[in-house]
Amino acid sequence: MNTNQLKRIEQLKKEKNAIILVHNYQPPEIQDAADIIGDSLELAVKARSVTEDTIILCGVRFMAETAKVLNPEKTVILPAKDAGCPLADFLTPEMVREARIAHPDAAVVLYVNSDTAAKAEADIVCTSANAVEVVRSLKEKTVLFGPDSNLADYVASRVPDKKIIPLPEGGHCYVHEMFSCDDVIAAAEKGFTTICHPECPREVRKGADVVASTGGMVKMADLADSWMLLTEKGIGYRLEKLFPDKKFMIREDAICKDMKKITLDMLEHSLITGEYAVTLPAHLMKRARGPIERMMALQKE
Ligand code: 13P
Ligand code: SF4
Numbered sequence: 043m044n045t046n047q048l049k050r051i052e053q054l055k056k057e058k059n060a061i062i063l064v065h066n067y068q069p070p071e072i073q074d075a076a077d078i079i080g081d082s083l084e085l086a087v088k089a090r091s092v093t094e095d096t097i098i099l100c101g102v103r104f105m106a107e108t109a110k111v112l113n114p115e116k117t118v119i120l121p122a123k124d125a126g127c128p129l130a131d132f133l134t135p136e137m138v139r140e141a142r143i144a145h146p147d148a149a150v151v152l153y154v155n156s157d158t159a160a161k162a163e164a165d166i167v168c169t170s171a172n173a174v175e176v177v178r179s180l181k182e183k184t185v186l187f188g189p190d191s192n193l194a195d196y197v198a199s200r201v202p203d204k205k206i207i208p209l210p211e212g213g214h215c216y217v218h219e220m221f222s223c224d225d226v227i228a229a230a231e232k233g234f235t236t237i238c239h240p241e242c243p244r245e246v247r248k249g250a251d252v253v254a255s256t257g258g259m260v261k262m263a264d265l266a267d268s269w270m271l272l273t274e275k276g277i278g279y280r281l282e283k284l285f286p287d288k289k290f291m292i293r294e295d296a297i298c299k300d301m302k303k304i305t306l307d308m309l310e311h312s313l314i315t316g317e318y319a320v321t322l323p324a325h326l327m328k329r330a331r332g333p334i335e336r337m338m339a340l341q342k343e
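Counting from 43, one number per residue, gives the positions in the sequence shown under the working numbering.
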């Protein structure tokens, strides 16, 4: 642990009136510098209530942009400006507009792992923590759901009275696609309880003991002594710190390259220079805010 650097970051944070929000998949040293660690929903909720002038979002672009849309008056910084999400890249705003024309009676639900311009075309946004609840809340019987077709399939299995159409067919996260039944079987043979992210393929979701967002994994960790985590490896560090008496197994190759782009040097640099502040056109933020706020309103109920 680089104690001196962490101390400098702590001091800079006070000087700049900044708060550091960190996603569960971030590298250990970035998690150690966090004020708040969480899943996409927890970070979005927290971003809305911070009192600091500056939010340093250590995650990927869609997370920083969501924080900016919810806080247009604040400075939101993504320390690695090219930290994207290949899953979000599956869906363009044009694709959403075309799908609406083809399915005029359908509601459009977009996973938060999408571009702000695509979100602006949606009726409501969801995260992996609340996707089922969001879809259940809709009056429409048909739902266009994107860009993750595995999450769409998971929602369809939990909300059988609605027709869920993946948008596009085949959108996926390459990290979660690497898991198979073999991972579930190997973990079960060792006596580990298996918990998988809903972005995993159907066969993995069906075989796992529990399906949960990364925040759900933290909340449920108490329910077993040893867990196989079928998701990005970064969550392992968080859980080991929180539950030192439990065993957590991860796949060392389950790495999201974009989630690993931020370093402590970049974090310190961002506090010193204000790079790289998220900027979005005001009209786009206004349009994307509605679907995000609709999701937030459901959280309060
Ligand atoms: P969570 O919201 O469950 O943390 O998921 C975010 C993500 O990017 C999963 O790959
Ligand atoms: Fe995107 Fe997958 Fe990385 Fe999550 S793990 S940020 S869905 S590429």
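Ideal placement from N, C-alpha and C gives every residue a C-beta, glycine not left out.
Those residues which DSSP pairs with residue i across a bridge
i: Phe-187; result: Val-151, Pro-208
i: Leu-99; result: Leu-63
i: Ser-255; result: Beta-bridge pairing links Ser-255 to no other residue.
i: Thr-236; result: Met-270
i: Lys-289; result: Ser-268
i: Ile-119; result: Ile-98, Ala-319
i: Ile-78; result: Leu-63
Limits of the alpha helix (DSSP H) - the one that residue i falls within
i: Leu-83; result: 82–91
i: Lys-29; result: As displayed, the chain neither begins before 43 nor continues past 343, which places residue 29 out of reach and without an answer.
i: Cys-223; result: 223–231
i: Lys-283; result: 276–284
i: Ala-144; result: 135–144
i: Ala-173; result: 173–178
i: Glu-245; result: 244–249
i: Val-217; result: 216–219
Outcome for residue i when other beta-carbon atoms lying within 10 angstroms are tallied against a minimum of 16
i: Pro-344; result: Because the chain here runs from 43 to 343, residue 344 falls outside it and cannot be looked at.
i: Gly-213; result: buried
i: His-239; result: buried
i: Leu-265; result: exposed
i: Glu-163; result: buried
i: His-325; result: exposed
i: Gln-53; result: exposed
i: Gly-233; result: exposed
i: Gly-316; result: exposed
i: Ala-339; result: exposed
i: Ser-255; result: buried
i: Arg-280; result: buried
i: Arg-103; result: buried
i: Ala-229; result: buried
i: Lys-181; result: exposed
i: Arg-386; result: Because the chain is modelled from 43 through 343, residue 386 falls outside the range shown and cannot be assessed.
i: Leu-284; result: exposed
i: Glu-231; result: exposed
i: Ala-171; result: buried
i: Arg-244; result: exposed
i: Glu-274; result: buried
i: Met-97; result: According to the sequence provided, residue 97 is Ile. The question's Met does not apply to it. Flag for Ile-97 reads buried.
i: Asp-131; result: exposed
i: Ser-91; result: exposed
i: Ala-20; result: This structure leaves residue 20 out entirely; the chain is present only between 43 and 343.
i: Glu-107; result: buried
CB contact check: residue i to chain B, cutoff 7 Å
i: Asp-224; result: In the structure shown, chain B does not exist; there is a single protein chain.
Element boundaries [beta strand (DSSP E), containing residue i]
i: Val-167; result: 166–168
Alpha helix (DSSP H) runs contained entirely in the segment 46–74, provided each spans 4 or more residues: 70–74
Residues surrounding ligand 2 [beta-carbon distance to nearest heavy atom under 7 Å]: Those residues that bring their Cβ nearer than 7 Å to a heavy atom of ligand 2 are Tyr-67, Val-102, Cys-127, Pro-128, Leu-129, Ala-130, Asn-155, Cys-215, Tyr-216, Val-217, His-218, Glu-241, Glu-274, Cys-298, Asp-300, Met-301.
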